[in-house]
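Heads up: the structure comes next, in structure tokens.
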Amino acid sequence: MRSTDLVITVTDLPHHEVVRLAMAATGRSRTEVLVGFEVTPDQVARFETYVERRRVNEPLQYIEGSVPFGPVELLVDDRVLVPRPETEYLFELAISRVDSPTVIVDLCTGSGNLALGLASTFPDATVYAVDLSADAAAVARHNARSNGLDIVVLTGDLYEPLPPGLLGSVDLLVANPPYLAAREVASLPPDVLAEPMLALVAGERGDEVLERIALDVDRWLRPGGVVMCEISEYAVAVSLGHFAHLDAVVEKDLTGTERFVVGHRRTE
1 MRSTDLVITV TDLPHHEVVR LAMAATGRSR TEVLVGFEVT PDQVARFETY
51 VERRRVNEPL QYIEGSVPFG PVELLVDDRV LVPRPETEYL FELAISRVDS
101 PTVIVDLCTG SGNLALGLAS TFPDATVYAV DLSADAAAVA RHNARSNGLD
151 IVVLTGDLYE PLPPGLLGSV DLLVANPPYL AAREVASLPP DVLAEPMLAL
201 VAGERGDEVL ERIALDVDRW LRPGGVVMCE ISEYAVAVSL GHFAHLDAVV
251 EKDLTGTERF VVGHRRTE
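First residue of the sequence shown? That's 1 in UniProt numbering, and the numbers climb one at a time after it.
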């Protein structure tokens, strides 16, 4: 059987997904899959397994096993969220706004995507990555090793595991916290429901974690230090209000949606 025949056997999934599953199963490029080559029995069996996993709404990226994020390649599985384009734009925003930071903190790190992207971009910085989930922290550590990057991964609740000596010294603090309200879970797509709820749902309102980040952020930032957080497009005013003690603004993502709060600790 040729790879082109393999792809056309699956008609109940989007074609572009089937091609990606074939690429993952064979280790070949998109062009090679579409031009055609002879597939082995092991590759056919692996492809069929991947198709069945996708049919029950497992995220495509979990099946593929890794995703690119800025300058790094990340393992992703059911212990962590799949990094979104919005979060990659937050990374791009951070590196365009901050010049040579020496201390960076990433709260709710998940796969370590923001922390590792920033560590790769700013090799002289000390980067701390924190997650409440020990499973997520394990993924972040794996991704640090696989990318040859040295970051400090800590397990705990927001600021709690950070060394006290960092108080007042953080140049850049980033976070993609859970920001869904509990009532929103029922309307999530099936493949999103396969991702860890701890990383998606903040509480009854949806802004509980963001509120706690904002409450203490000026204790950790140096004067003039920057905080950048991804937020819900449905709670922009509330989110901005949490950072009223900073010089804070809302920034839009590439679709024009208000998606990030960016704040500076006042220098006075």
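Glycine is no exception: its CB is placed at the ideal position from the N, C-alpha and C atoms.
Less than 8 Å between the beta carbons of residue i and residue j, yes or no?
{"i": "Gly-112", "j": "Ala-144", "result": "yes"}
{"i": "Thr-109", "j": "Ala-115", "result": "yes"}
{"i": "Ala-186", "j": "Glu-204", "result": "no"}
{"i": "Asn-147", "j": "Val-72", "result": "yes"}
{"i": "residue 279", "j": "Asp-171", "result": "A query on residue 279 cannot be resolved here, the shown segment of the chain reaching from 1 to 268 and no further."}
{"i": "Val-139", "j": "Leu-200", "result": "no"}
{"i": "Ala-94", "j": "Val-174", "result": "yes"}
{"i": "residue 338", "j": "Asp-216", "result": "A question about residue 338 goes unanswered here, because the residues of the chain that appear run from 1 up to 268."}
{"i": "Val-192", "j": "Met-228", "result": "no"}
{"i": "Asn-177", "j": "Ala-202", "result": "Rather than Asn, the amino acid found at residue 177 in this sequence is Pro. Yes, these two residues count as a Cβ contact at 8 Å."}
{"i": "Arg-222", "j": "Glu-86", "result": "no"}
Nearest-angstrom Cα distance between residue i and residue j?
{"i": "Leu-210", "j": "Ile-231", "result": "8 Å"}
{"i": "Ala-107", "j": "Trp-220", "result": "The residue you asked about is not Ala; residue 107 is Leu in the sequence shown. For Leu-107 and Trp-220, the distance between alpha carbons rounds to 12 Å."}
{"i": "Ser-239", "j": "Asp-207", "result": "7 Å"}
{"i": "Leu-166", "j": "Gly-225", "result": "12 Å"}
{"i": "Ala-119", "j": "Ile-151", "result": "7 Å"}
{"i": "Asp-253", "j": "Leu-34", "result": "33 Å"}
{"i": "Thr-9", "j": "Ala-235", "result": "44 Å"}
{"i": "His-15", "j": "Ala-25", "result": "15 Å"}
{"i": "Gln-61", "j": "Glu-52", "result": "14 Å"}
{"i": "Pro-163", "j": "Tyr-128", "result": "10 Å"}
{"i": "Ala-125", "j": "Ala-194", "result": "34 Å"}
{"i": "Gly-65", "j": "Asp-77", "result": "7 Å"}
{"i": "His-242", "j": "Leu-149", "result": "33 Å"}
{"i": "His-142", "j": "Phe-91", "result": "20 Å"}
{"i": "Val-67", "j": "Asp-42", "result": "24 Å"}
Can a CB atom of chain B be found closer than 8 Å to the CB of residue i?
{"i": "Ala-136", "result": "Absent from the structure is chain B; it holds one protein chain and no more."}
Short of 6 Å in beta carbon distance, which residues of its chain neighbour residue i, apart from the five on each side in sequence? Order them along the chain.
{"i": "Ala-137", "result": "Asp-131, Val-153 and Thr-155"}
{"i": "Gly-256", "result": "none"}
{"i": "Val-80", "result": "Gly-110, Ser-111, Ala-136 and Val-139"}
{"i": "Met-197", "result": "none"}
{"i": "Thr-4", "result": "Gly-36"}
Enumerate in chain order the residues of its own chain whose CB-to-CB distance from residue i is below 7 Å, with the five nearest sequence positions on each side excluded.
{"i": "Leu-6", "result": "Ala-22, Val-39, Val-44 and Phe-47"}
{"i": "Arg-30", "result": "Val-19 and Met-23"}
{"i": "Val-98", "result": "Asp-171, Leu-172 and Val-226"}
{"i": "Phe-69", "result": "Pro-83, Glu-88, Asn-113 and Gly-117"}
{"i": "Pro-59", "result": "Val-82, Asp-191, Ala-194 and Glu-195"}
{"i": "Pro-101", "result": "Phe-122, Ala-125, Asp-171 and Leu-172"}
{"i": "Asn-57", "result": "Pro-190, Asp-191 and Ala-194"}
{"i": "Glu-17", "result": "Arg-54 and Leu-60"}
Mapping the DSSP letters down to three states, classify residue i as helix, strand or coil.
{"i": "Tyr-179", "result": "coil"}
{"i": "Val-39", "result": "coil"}
{"i": "Thr-26", "result": "helix"}
{"i": "residue 295", "result": "Because the chain is modelled from 1 through 268, residue 295 falls outside the range shown and cannot be assessed."}
{"i": "Arg-20", "result": "helix"}
{"i": "Ala-244", "result": "coil"}
{"i": "Val-261", "result": "strand"}
{"i": "Val-250", "result": "strand"}
{"i": "Arg-2", "result": "strand"}
Can you give me the Cβ contacts of residue i inside the same chain, cut-off strictly under 8 Å, excluding the 5 residues immediately before and after it?
{"i": "Arg-55", "result": "Asp-12 and Leu-13"}
{"i": "Pro-161", "result": "Val-130, Leu-154 and Thr-155"}
(request) Any chance you could list the alpha helix (DSSP H) runs of at least 4 consecutive residues sitting entirely within the stretch 42-116, in chain order? (result) 60-64 and 85-97
(message) At 3 residues or longer, what runs of the beta strand (DSSP E) sit wholly inside the stretch 198-233?
(response) 201-203 and 221-230
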